[in-house]
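Visitor: Sharing a structure here in structure tokens format.
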Amino acid sequence: MLGKLDWSAIPFDQPIPLIAGAVVLVGILAVLAWVVVKGHLPYLWHEWITSVDHKRIGVMYILLASVMLLRGGSDAIMMRIQQAVAYQSQGYLPPEHYNQIFSAHGTIMIFFVAMPFVIGLMNLIVPLQLGVRDVAFPTLNSVGFWLTATGALLVNLSLVIGEFARTGWLAFPPLSELSYSPGVGVDYYAWSLQISGVGTLVAGINLVTTVLKLRTKGMNYLRMPMFCWTTLASNLLIVAAFPILTATLAMLLLDRYLGFHFFTNEAGGNVMMFMNLIWAWGHPEVYILVLPAFGIFSEVVSTFSGKALFGYRSMVLATMAICVISFMVWLHHFFTMGAGPDVNAIFGIASMIIAIPTGVKIYNWLFTMYGGRIRFETPMLWSIGFMVTFIIGGLTGVLVAVPPADFILHNSMFLVAHFHNVIIGGVLFGAFAGFEYWFPKAFGFRLDERWGKLAFWFTFLGFYVTFIPLYVAGMLGMTRRMQHYDVAAWRPWMLVAAAGMAVLTIGVICQIVQLVVSIRNREALRDRTGDPWDGRSLEWATSSPPPVFNFAFNPDVRGEDAYWDMKARAQQQSLEHGGPEYQDIEMPRNSPTGFVCAFFATIMGFALIWHIWWMVILGGIGAFATFVVFAWRDHDEYVIPAEEVAAIDRVNLEERRSLVSMAGTV
Amino acid sequence: MNLLDPQGPVAAANSTILVDSVFIMLAIVVPTIFAILAFAFWFRASNPKAKFQPDFVYSGRVEMVVWAIPALTVILLGGVAWIGSHQLDPAAPVPGTGSPVRIQAVSLDWKWLFIYPDQRIATVNTLTVPAGAELNFQLTSSSVMNTFFIPQLGSMIYTMNGMVTKLNLRADNEGKLQGLSAHFSGDGFPDMMFDVNVISPLAFPDWVATTAKSDAVLNEDSYKKLMQQGIEKGRPTYRLDDPRLFDLIATQHIPPGPGPELASEAGRSHSGGHDAR
Numbered sequence: 032m033l034g035k036l037d038w039s040a041i042p043f044d045q046p047i048p049l050i051a052g053a054v055v056l057v058g059i060l061a062v063l064a065w066v067v068v069k070g071h072l073p074y075l076w077h078e079w080i081t082s083v084d085h086k087r088i089g090v091m092y093i094l095l096a097s098v099m100l101l102r103g104g105s106d107a108i109m110m111r112i113q114q115a116v117a118y119q120s121q122g123y124l125p126p127e128h129y130n131q132i133f134s135a136h137g138t139i140m141i142f143f144v145a146m147p148f149v150i151g152l153m154n155l156i157v158p159l160q161l162g163v164r165d166v167a168f169p170t171l172n173s174v175g176f177w178l179t180a181t182g183a184l185l186v187n188l189s190l191v192i193g194e195f196a197r198t199g200w201l202a203f204p205p206l207s208e209l210s211y212s213p214g215v216g217v218d219y220y221a222w223s224l225q226i227s228g229v230g231t232l233v234a235g236i237n238l239v240t241t242v243l244k245l246r247t248k249g250m251n252y253l254r255m256p257m258f259c260w261t262t263l264a265s266n267l268l269i270v271a272a273f274p275i276l277t278a279t280l281a282m283l284l285l286d287r288y289l290g291f292h293f294f295t296n297e298a299g300g301n302v303m304m305f306m307n308l309i310w311a312w313g314h315p316e317v318y319i320l321v322l323p324a325f326g327i328f329s330e331v332v333s334t335f336s337g338k339a340l341f342g343y344r345s346m347v348l349a350t351m352a353i354c355v356i357s358f359m360v361w362l363h364h365f366f367t368m369g370a371g372p373d374v375n376a377i378f379g380i381a382s383m384i385i386a387i388p389t390g391v392k393i394y395n396w397l398f399t400m401y402g403g404r405i406r407f408e409t410p411m412l413w414s415i416g417f418m419v420t421f422i423i424g425g426l427t428g429v430l431v432a433v434p435p436a437d438f439i440l441h442n443s444m445f446l447v448a449h450f451h452n453v454i455i456g457g458v459l460f461g462a463f464a465g466f467e468y469w470f471p472k473a474f475g476f477r478l479d480e481r482w483g484k485l486a487f488w489f490t491f492l493g494f495y496v497t498f499i500p501l502y503v504a505g506m507l508g509m510t511r512r513m514q515h516y517d518v519a520a521w522r523p524w525m526l527v528a529a530a531g532m533a534v535l536t537i538g539v540i541c542q543i544v545q546l547v548v549s550i551r552n553r554e555a556l557r558d559r560t561g562d563p564w565d566g567r568s569l570e571w572a573t574s575s576p577p578p579v580f581n582f583a584f585n586p587d588v589r590g591e592d593a594y595w596d597m598k599a600r601a602q603q604q605s606l607e608h609g610g611p612e613y614q615d616i617e618m619p620r621n622s623p624t625g626f627v628c629a630f631f632a633t634i635m636g637f638a639l640i641w642h643i644w645w646m647v648i649l650g651g652i653g654a655f656a657t658f659v660v661f662a663w664r665d666h667d668e669y670v671i672p673a674e675e676v677a678a679i680d681r682v683n684l685e686e687r688r689s690l691v692s693m694a695g696t697v
Numbered sequence: 067m068n069l070l071d072p073q074g075p076v077a078a079a080n081s082t083i084l085v086d087s088v089f090i091m092l093a094i095v096v097p098t099i100f101a102i103l104a105f106a107f108w109f110r111a112s113n114p115k116a117k118f119q120p121d122f123v124y125s126g127r128v129e130m131v132v133w134a135i136p137a138l139t140v141i142l143l144g145g146v147a148w149i150g151s152h153q154l155d156p157a158a159p160v161p162g163t164g165s166p167v168r169i170q171a172v173s174l175d176w177k178w179l180f181i182y183p184d185q186r187i188a189t190v191n192t193l194t195v196p197a198g199a200e201l202n203f204q205l206t207s208s209s210v211m212n213t214f215f216i217p218q219l220g221s222m223i224y225t226m227n228g229m230v231t232k233l234n235l236r237a238d239n240e241g242k243l244q245g246l247s248a249h250f251s252g253d254g255f256p257d258m259m260f261d262v263n264v265i266s267p268l269a270f271p272d273w274v275a276t277t278a279k280s281d282a283v284l285n286e287d288s289y290k291k292l293m294q295q296g297i298e299k300g301r302p303t304y305r306l307d308d309p310r311l312f313d314l315i316a317t318q319h320i321p322p323g324p325g326p327e328l329a330s331e332a333g334r335s336h337s338g339g340h341d342a343r
């Protein structure tokens, strides 16, 4: 009846996951109870859960990423403590638990923190920057988000029901095959990623289409803000790379469920094929994450320097070059597999070539600052912190792209330090910069600067104190994923890294405090102009938060930095002409399709993991039926009458009239 | 296990390339970081002396330079990578004094088996080699992937079931080193550290002779016991019964090691192995 599921799946003998699970469960129930008792449920259902508004979906993506950041961060804290204490002892985490933690940490941080954070920011901002009313496929957008949430839910379910993979975040066979990992851990991993992978692919298709097909009048490709370009590049990579991940995991699942032999030791299975395929997705994935971050920094550095981006065309070229070359370097993840020197050298050099456009980007940001009037508000701090940190990560990255150096650094703590250096210093700093920068746009009030700066400094310093020791440990021969060790030389560095983790944790706490303080002081921090930073692109041309239709009139773009241009010429038509002709606006109707579809996908995923076949069929039929019902819909749009548009827009105009006239005199 | 304290020519070359590459890049990276901080400081909004140039958004000359700097660095490093990859190909022999020593390493769950086919002996978790001699390793795995790595001797290489990888090293100085697996392989992974005893070439034949007198014999049966999942705290040594044992493992004539539960299931078929190269 319930497949492999029975009471033994609940780890009654392991207090840590059980207590953590119980705390989370109580937390969720408490929030749910509060929502129901206070009568917020209809609001949540109509305004958020079923919303197809790209801004709402973007915010939900970022919320998911933030919650998962706490989960992944807790894993990180546990790992740092384990390696600090497990010198000549077993530490406090047995191997079967420690191995789950580092696997979950990697999986969560990449798939459920970094990905939803950048996709959320792209969702929130790109249609605004393009001057349009929504993304290309609003309901599909909602489906994509909820499927990502399903994946996150399944990963967290493994904490209390069953186990997570103990194989590392890429689940290399043959270790991940049934013979060596007979438990449900790898199945949790693979099905979570299959389901959320569909969500990511959907988001990618949606955003590519949006950038290619929905741009406001005059928004040529070479007038798009840099963030739109990096969004395009990143989502092209998603569309090209995620099917590889899906196919690879499908093959692994066929091995595990139906006795296939794609990657087994026996019957001609080939583990080297898995290595190639997973990294053919895995390397572009790195750029899927970091390209949007580059876009964010481009926006922030330009805005806070009070200048247009230096070398815009160069930046576009560099972005697209990275997009293409990132597909040609995957082999550098396994130079040590025994490929010949020609193959290794070619892939090593190809990997270094990516450093050229990346270096160009750094220099262009540098020259954007040159001659600027730099304001050191929180987003700018994250950007400068990024530039300094990312260069160091780039250096160590190029170093491990040199095959003979990689022969002694591969899989070491040096490598661990390198990819944290680029992912924290690049993607996470970028996500935080974007969060601070666009928060006022999403919610209509700024974040508290003092706590924001504290968060930056603690995170920045904490990063160095944590990861420089890991570089050193790598130089001392320490390899990754050690549950315990006996080498005295590694010990002090593990202790310093643990201390660094404490500093990082303070940084995260400051971030949370910042959010709480800002919400409490929101009236004082209110942004009535819609343009709190003296911005340059179109998202600042509308109110904060923007109305559901974003713009009462589709803006007419005459050059790069569209809004700056309008402000400088005081030429915004709606301001010039006193009473413009407002028109009815058609907007897509909210739809529960995404939520219901994900609900059935969750059931199906859980049932697949536990081999509960009747439930698999139930979930599958449910998800399919949801699609059919949606496909048969009669009305998918509703009309906002011109009077309502006018009423909303006039309020906005009053607020910013003074601002624009001021900016016009500059 | 310090990578910057190499004990053989391969490790020395690896670490030289590592250090050289770092210095080549630092020549660019340090000024760039300095420029970032300096520009950010000088062009702060509160500095009245800084000249505001909002129209400085394109300069062909600057663009030339910013594309050229990373490009030139990469051309230089690309050369290092190309030459280094060829000179330090793990499969290329490393000449030494005396006759080369052939060693066949097998990663087991979770220990290392070292077979000396010419000496007809085998050891677990201890690798004993003569200083200065050419060491030819052939490597495979009994089950999951691992990586054979002695940090102070240089270059690591994967071990994979049904395949043979090649590695050539040389240890120049007598002494004790440590090796490990550098690819996660399951619960016993951290206990896959092994000792490396580099002894004098004169003492090596004596060590071989002593080991050959060992009571334990390594044959197919004792190998199958050894490959069961578990951690080996001791340092057992064996007489080698059949010098072709490694080939039997690598070609899967001895089926892959069992996992935690499905011992009888594992290795139903005996398909031939592939060569990793």
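From first to last, the protein sequence lines stand for chains E and D.
For the first sequence, the numbering used here assigns the number 32 to the initial residue and increments by one for each residue that follows.
For the second sequence, the numbering used here assigns the number 67 to the initial residue and increments by one for each residue that follows.
No residue lacks a Cβ here, since even glycine has one placed at the ideal position from N, Cα and C.
Give me the subset of the region 161-176 of chain E whose CB atoms are less than 7 Å from a CB atom of chain D, sorted by chain position.
Guide: none
Visitor: Would you please state the rounded distance, in angstroms, between the beta carbons of D:Ser-151 and E:Gly-379? I believe it to be under 8 Å.
Guide: By one-based count along the second sequence, residue 151 of chain D stands at place 85. By one-based count along the first sequence, residue 379 of chain E stands at place 348. The pair is a contact, with the Cβ atoms about 7 Å apart (cut-off 8 Å).
Visitor: Less than 7 Å between C-beta atoms, sequence neighbours within five positions excluded: which residues of the same chain meet that for D:Thr-192?
Guide: What you label residue 192 of chain D is simply residue 126 of the second sequence in a count that begins at 1. Closer than 7 Å at the Cβ level, and outside the excluded window around D:Thr-192, lie Phe-260, Asp-261, Asn-263, Arg-301.
Visitor: If you run the structure through DSSP and keep just helix, strand and coil, what is E:His-608?
Guide: The residue given as residue 608 of chain E occupies position 577 in the first sequence. At E:His-608 the pLDDT is 49, less than 50, meaning the model places this residue with poor confidence; the figure from the coordinates comes in the next sentence. The answer is coil: DSSP assigns E:His-608 none of H, G, I, E or B.
Visitor: Please list the partners that E:Met-400 has in chain D, where partner means a Cβ-to-Cβ separation under 7 Å.
Guide: For the purposes of this step, residue 400 of chain E is taken as the residue at position 369 of the first sequence. Chain D residues near E:Met-400: Phe-105, Ala-106, Phe-109.
Visitor: Does D:Gly-198 have its Cβ less than 8 Å from a Cβ in chain E?
Guide: Start at 1 with the first residue of the second sequence, and residue 198 of chain D comes out as number 132. No, no contact with chain E.
Visitor: In chain order, what residues of the region 537-548 of chain E put their CB closer than 8 Å to some CB of chain D?
Guide: none
Visitor: Output needed for E:Pro-471: all residues of its chain with C-beta closer than 7 Å, excluding positions within five of it in sequence on either side, in chain order.
Guide: Position 440 of the first sequence, counting from 1, holds the residue named residue 471 of chain E. These residues qualify, in order along the chain: Arg-477, Asp-558, Pro-563, Ser-575.
Visitor: I want to verify the contact list: residues of chain D whose CB lies under 8 Å from the CB of E:His-449, in sequence order.
Guide: Here residue 449 of chain E corresponds to residue number 418 of the first sequence, with the count starting at 1. Within 8 Å Cβ-Cβ: nothing; E:His-449 doesn't reach chain D, min ~13 Å.
Visitor: Evaluate D:Pro-159 with the Cβ neighbour count: other Cβ atoms within 10 Å of its Cβ, from every protein chain shown; 16 or more gives buried, anything less gives exposed.
Guide: Reading the second sequence from its first residue, position 93 is the one you call residue 159 of chain D. So D:Pro-159 ends up on the exposed side.
Visitor: With DSSP as the reference, identify every bridge partner of E:Ile-415, one or two as the case may be.
Guide: Position 384 of the first sequence holds residue 415 of chain E. Paired residues: none, contrary to the question.
Visitor: Starting from the beta carbon of D:Leu-154, find every residue of chain E whose beta carbon is closer than 9 Å, and list them in chain order.
Guide: Counting from one through the second sequence, the residue named residue 154 of chain D turns up at place 88. The contacting residues are Pro-372, Pro-434, Pro-435, Phe-438.
Visitor: Since D:Ile-135 meets chain E, which of its residues come closer than 8 Å, beta carbon to beta carbon?
Guide: For the purposes of this step, residue 135 of chain D is identified with residue 69 of the second sequence, where counting begins at 1. Gly-390, Tyr-394, listed in chain order.
Visitor: In the structure shown, what three-state DSSP assignment does E:Pro-410 receive?
Guide: As a first step, residue 410 of chain E is located in the first sequence; it is residue number 379 there, counting from the start. Residue state, collapsed to three classes: helix.
Visitor: Going straight from the alpha carbon of D:Gly-198 to that of E:Trp-260, what length do you get?
Guide: Locating residue 198 of chain D in the second sequence gives position 132, where the first residue counts as 1. Locating residue 260 of chain E in the first sequence gives position 229, where the first residue counts as 1. If you take the alpha carbons of D:Gly-198 and E:Trp-260, they lie about 57 Å apart.
Visitor: So what does DSSP say about E:Pro-169, is it helix, strand or coil?
Guide: Here residue 169 of chain E refers to the residue found at position 138 of the first sequence. Three-state result, E:Pro-169: helix.
Visitor: Sort E:Glu-127, E:Phe-658, E:Thr-170 by Cα distance to E:Met-618 and report the nearest one.
Guide: In the first sequence, counting from the first residue as 1, residue 618 of chain E sits at position 587. The residue with the shortest Cα to Cα distance from E:Met-618 is E:Thr-170.
Visitor: Exposed or buried, E:Trp-222, counting other C-beta atoms within 10 Å across all chains shown (16 or more means buried)?
Guide: Within the first sequence, the letter at position 191 stands for residue 222 of chain E. Label assigned to E:Trp-222: buried.
Visitor: By the three-class DSSP mapping on this structure, what secondary structure does D:Asp-431 have?
Guide: With chain D running from 67 to 343 in the structure shown, residue 431 of chain D is simply not present.
Visitor: Strictly by DSSP, which residues pair up with D:Trp-178?
Guide: Counting from 1 along the second sequence, the entry for residue 178 of chain D is found at position 112. According to DSSP, D:Trp-178 bridges with D:Ser-173.
Visitor: Rounded to whole angstroms, what's the CA-CA distance from E:Trp-200 to D:Asp-253? Just pull it up for me.
Guide: Position 169 of the first sequence, counted from the start, is the residue given in the question as residue 200 of chain E. Position 187 of the second sequence, counted from the start, is the residue given in the question as residue 253 of chain D. The straight-line gap from Cα to Cα measures roughly 15 Å.
Visitor: In the region 458-511 of chain E, which residue ranges form an unbroken alpha helix (DSSP H) of at least 4 residues, counting only runs that do not cross its ends?
Guide: If we require 4 residues or more, the alpha helix (DSSP H) runs fully inside the region 458-511 of chain E come out as 460-474, 480-506.
Visitor: Interface residues of chain D around E:Val-429 at Cβ under 9 Å?
Guide: Against the first sequence, residue 429 of chain E aligns to sequence position 398. The answer, in chain order, is Ser-87, Met-91, Thr-139, Val-140, Leu-143.
Visitor: Using the three-state DSSP reduction, which class does E:Ser-134 fall into: helix, strand or coil?
Guide: Along the first sequence, read from residue 1 onward, the residue named residue 134 of chain E stands at position 103. If DSSP states are grouped into helix, strand and coil, E:Ser-134 belongs with the helices.
Visitor: Between E:Phe-133, E:Ile-88, E:Val-347, E:Ser-207, which has its C-alpha nearest E:Pro-158's C-alpha?
Guide: Along the first sequence, one-based indexing puts residue 158 of chain E at 127. When each option's Cα is compared against that of E:Pro-158, the closest is E:Ile-88.
Visitor: Excluding five sequence neighbours on each side, which residues of the same chain lie with their C-beta closer than 6 Å to the C-beta of E:Ile-226?
Guide: Looking up residue 226 of chain E in the first sequence gives position 195. Same-chain partners within the cutoff: Leu-178, Thr-181, Gly-182, Ala-632, Gly-636.
Visitor: Less than 8 Å between CB atoms is the rule here; does D:Pro-309 satisfy it with respect to chain E?
Guide: Taking the first residue of the second sequence as 1, we reach residue 309 of chain D at position 243. It does not: the Cβ of D:Pro-309 has no partner Cβ on chain E nearer than 8 Å.
Visitor: Cutting at 8 Å between CB atoms, please list the residues of its own chain near D:Gly-145, excluding the five before and the five after it.
Guide: Sequence index remark: in the second sequence, residue 145 of chain D carries index 79 (1-based). Taken in chain order, the list of residues that qualify is empty.
Visitor: Would you identify the three-state DSSP class for E:Thr-295, choosing helix, strand or coil?
Guide: Within the first sequence, the letter at position 264 stands for residue 295 of chain E. DSSP places E:Thr-295 in coil when its eight states are reduced to three.
Visitor: What residues from the region 279-306 of chain E come within 8 Å of chain D, judged by C-beta to C-beta, listed N to C?
Guide: Asn-296, Glu-297, Ala-298, Gly-299, Asn-301, Val-302, Met-303
Visitor: Output, in sequence order along the chain, the residues in the region 254-278 of chain D whose CB is closer than 8 Å to any CB in chain E.
Guide: Gly-254, Phe-255, Pro-256, Met-259
Visitor: By the DSSP assignment, the alpha helix (DSSP H) with D:Ser-151 in it spans what residues?
Guide: Working through the second sequence from its first residue, we reach residue 151 of chain D at position 85. Where D:Ser-151 is concerned, the enclosing alpha helix (DSSP H) starts and stops at 126-153.
Visitor: Identify the continuous beta strand (DSSP E) that holds D:Ala-188 and give its terminal residues.
Guide: The residue you call residue 188 of chain D lines up with position 122 of the second sequence. That run of the beta strand (DSSP E) goes 187-190.
Visitor: Give the DSSP-derived three-state secondary structure of D:Thr-194 in the structure shown.
Guide: Position 128 of the second sequence, counting from 1, holds the residue named residue 194 of chain D. Residue state, collapsed to three classes: strand.
Visitor: Taking only beta-carbon positions, decide if E:Val-518 is within less than 8 Å of chain D.
Guide: Mapped onto the first sequence, residue 518 of chain E falls at position 487. At least one chain D Cβ lies under 8 Å of E:Val-518.
Visitor: Is there a Cβ of chain D sitting closer than 8 Å to that of E:Met-140, yes or no?
Guide: Counting from 1 along the first sequence, the entry for residue 140 of chain E is found at position 109. Judged by the 8 Å Cβ criterion, E:Met-140 is not in contact with chain D.
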